[in-house]
Amino acid sequence: MPFINLPLREITCKIVYYGPGLGGKTTNLQYVYAKTNPEARGNMISLATETDRTLFFDFLPLGLGEIRGFKTRFHLYSVPGQVFYDASRKLILRGVDGVVFVADSLVDRMEANLESAENLRINLAEQGYDLDKIPYVIQYNKRDLPNVAPVEELSRELNPTRVPEFEAVAVTGVGVFDTLKAVAKQVLTKVKNGE
Amino acid sequence: MNQQMVMHADEFQRITSVCDRLTGEANANVVFLVDKNGQLIASSGATEDIDTTSLASLTAGNIAATGGLAKLIGEREFSILFHEGEKDNLHISIVAQRVILVVIFDARSSLGLVRLRVKKASEELHQIFTDLEQKGALPGGGSPFAEITDEDIDNLFSE
């Protein structure tokens, strides 16, 4: 749910990075944080375990600039990918305006990708959202590794509705901002149309 | 479902004045009002040294997690949370089922005083948010963003 503050001329939207555990959701946020001008971002918060696995969420507030005097702010969240943190994932999806699905391209993670994508659809539906109607993009991460599935195969399995999709190597930043821009643009277009 | 929340100047001013008054009457250091989705709505008091954006997000996460716990044991929600620190304390309460009121206070105040003042402020805030909702439901209460063009959005992303 975008929050529009008229007296301050600000709009704030929420984007959630979803996907299987160890797929690179936190790495996406860390790259955005590292490469964004400090004036355009706030502190990044990671609620993680001692072994750096996301426990509740990562949070990164980001300013994308102004549209006709309206400051556009995006709050990026990532969910914990591990299967047993489902209750937390549902909470993070509340009030979401756009979703990035970070798929793990490794061949042996295909099942985890499919399970997570299905879990996303179910958890969104529980909150009253239809995945086919909200801003949604898919990122195929870890393209630099050997043993990755071909993009065509990932796309066929994970992107039946043909939403924008991007190849990425989140650790080096390849595809990270393209993914973010694509979802942010969809979100703003939706806001503009008053949906 | 994805209905926008639009804050208008009148209500924003009313909300800010309730927060300011609460800060004074409760002897609080800081008062925050946060949307349940983690967006900061208003703040009052000594906010300079606090990362207000992070505080808003974590408060909403806290309330969400506690709400999840409440449901697990058959409660609708826990409407008040209290965190006691060595110097500063946090009093967190849910207002009008959709916004979160956070009061940070130290030994100059007391939990009893904060609870009393929060109760009064909550009633006022409840009314303001009811007014806001009605405003949003009025014809012509649509997106103030509507006059923006696709090109404007494109320009935001062209470097």
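In order, the protein sequences belong to chains A and B. So that you can map any letter, position 103 of the first sequence is 88 in this note's numbering, and since no number is skipped, the others follow by simple counting. So that you can map any letter, position 127 of the second sequence is 353 in this note's numbering, and since no number is skipped, the others follow by simple counting. Even glycine gets a Cβ: it sits at the ideal position worked out from N, Cα and C.
Q.
Counting only C-beta atoms, is I52(A) closer than 8 Å to chain B at any point?
A. Yes, because at least one Cβ of chain B sits closer than 8 Å to the Cβ of I52(A).
Q. Can F371(B) and I(-11)(A) be called in contact, C-beta distance under 8 Å?
A. With respect to the 8 Å criterion, F371(B) and I(-11)(A) are classified as neighbours on the basis of their beta carbons.
Q) How do the stretch 274 to 292 of chain B and the stretch 22 to 36 of chain A stand: do at least 3 beta-carbon pairs fall below 8 Å, yes or no? A) Because the criterion of three Cβ pairs below 8 Å is met, the stretch 274 to 292 of chain B and the stretch 22 to 36 of chain A touch.
Q: For the alpha helix (DSSP H) containing K243(A), list its first residue and its last residue.
A: For chain A, the structure presents residues -14 to 180; residue 243(A) sits outside this window and is missing.
Q: Could you check which residue in R334(B), Q265(B), Q360(B) has the C-alpha nearest to that of Y62(A)?
A: Taking only the C-alpha atoms, the option nearest Y62(A) is Q265(B).
Q: Would you identify the three-state DSSP class for I276(B), choosing helix, strand or coil?
A: Correct three-state label for I276(B): coil.
Q: Would you mind telling me which residues of chain A sit closer than 9 Å to S319(B), beta carbon to beta carbon, in chain order?
A: Within 9 Å Cβ-Cβ: nothing; S319(B) doesn't reach chain A, min ~19 Å.
**Q.** V159(A) and A153(A) closer than 8 Å at C-beta
**A.** Cβ atoms of V159(A) and A153(A): closer than 8 Å.
**Q.** Selected residue, minimal CA-CA separation from E100(A), among E150(A), E142(A), F41(A)
**A.** The candidate whose alpha carbon is nearest that of E100(A) is E142(A).
Q. Between the Cα of Q124(A) and the Cα atoms of L40(A), G4(A), G50(A), which residue gives the shortest distance?
A. Minimum Cα-Cα distance from Q124(A) among the listed residues L40(A), G4(A), G50(A) corresponds to G4(A).
Q. Touching or not, the stretch 303 to 318 of chain B and the stretch 64 to 75 of chain A, by the rule of three or more beta carbon pairs under 8 Å?
A. Judged by Cβ distances under 8 Å, the stretch 303 to 318 of chain B makes no contact with the stretch 64 to 75 of chain A, as fewer than three pairs qualify.
Q.
Using only CA atoms, which one of G294(B), L382(B), G311(B), V329(B) lies nearest to V260(B)?
A. Closest by alpha carbon: V329(B).
Q. Got a sec? Which residues, its chain only, sit under 8 Å from N188(B) by beta carbon, not counting five neighbours each side?
A. Residue numbering for chain B in the displayed model covers 227 to 385; residue 188(B) lies beyond these limits and cannot be assessed.
Q. Which residues of chain A have a Cβ atom closer than 9 Å to the Cβ of A235(B), listed in chain order?
A. Within 9 Å Cβ-Cβ: L(-9), P(-8).
Q: Give the interface partners of S270(B) over in chain A, defined as CB-CB distance under 7 Å, in chain order.
A: Result: empty, since nearest Cβ-Cβ is about 15 Å, beyond 7 Å.
Q | C-alpha distance - S90(A) paired with R240(B), whole-angstrom precision | A | Using only the alpha carbons, I get a separation of about 51 Å.
Q. Would T164(A) pass as a contact of D117(A) if the rule is Cβ separation under 8 Å?
A. In this structure, the beta-carbon distance from T164(A) to D117(A) does not fall below 8 Å.
(Q) As a quick exercise: from T174(A), L47(A), Y18(A), pick the residue whose alpha carbon is nearest that of E377(B). (A) Looking at the Cα atoms, T174(A) is the closest of the given residues.
(Q) Applying the 10 Å Cβ sphere with the 16-neighbour rule, what's the burial state of V237(B)? (A) What sits at residue 237(B) in the sequence shown is Glu, not Val. Buried is the call here.
Q | Three-state class that DSSP yields for Q124(A) in the structure shown | A | The answer is strand: DSSP assigns Q124(A) an E or B state.
Q) Could you give the distance in angstroms between the alpha-carbon of C245(B) and the alpha-carbon of L351(B)? A) CA-to-CA, the gap between C245(B) and L351(B) works out to about 9 Å.
Q.
Applying the 10 Å Cβ sphere with the 16-neighbour rule, what's the burial state of N178(A)?
A. With fewer than 16 other Cβ atoms within 10 Å, it is exposed.
Q) Exposed or buried, what is M227(B) when buried is set at 16 or more other beta-carbons lying within 10 Å of its beta-carbon? A) Low local confidence applies: a pLDDT of 45 at M227(B) is under 50, so the model's placement there is unreliable, with the coordinate-based value given in what follows. Exposed.
Q: Could you check the C-alpha separation between T242(B) and S269(B) for me, to the nearest Å?
A: When rounded, the distance between both Cα atoms is 7 Å.
(Q) Going by C-alpha to C-alpha distance, which of A254(B), T292(B), I326(B), G338(B) sits closest to A272(B)? (A) The residue from A254(B), T292(B), I326(B), G338(B) with its alpha-carbon nearest to that of A272(B) is A254(B).
Q: Can you say whether E137(A) is buried or exposed, counting buried as having 16 or more other CB atoms within 10 angstroms of its CB?
A: Result: exposed.
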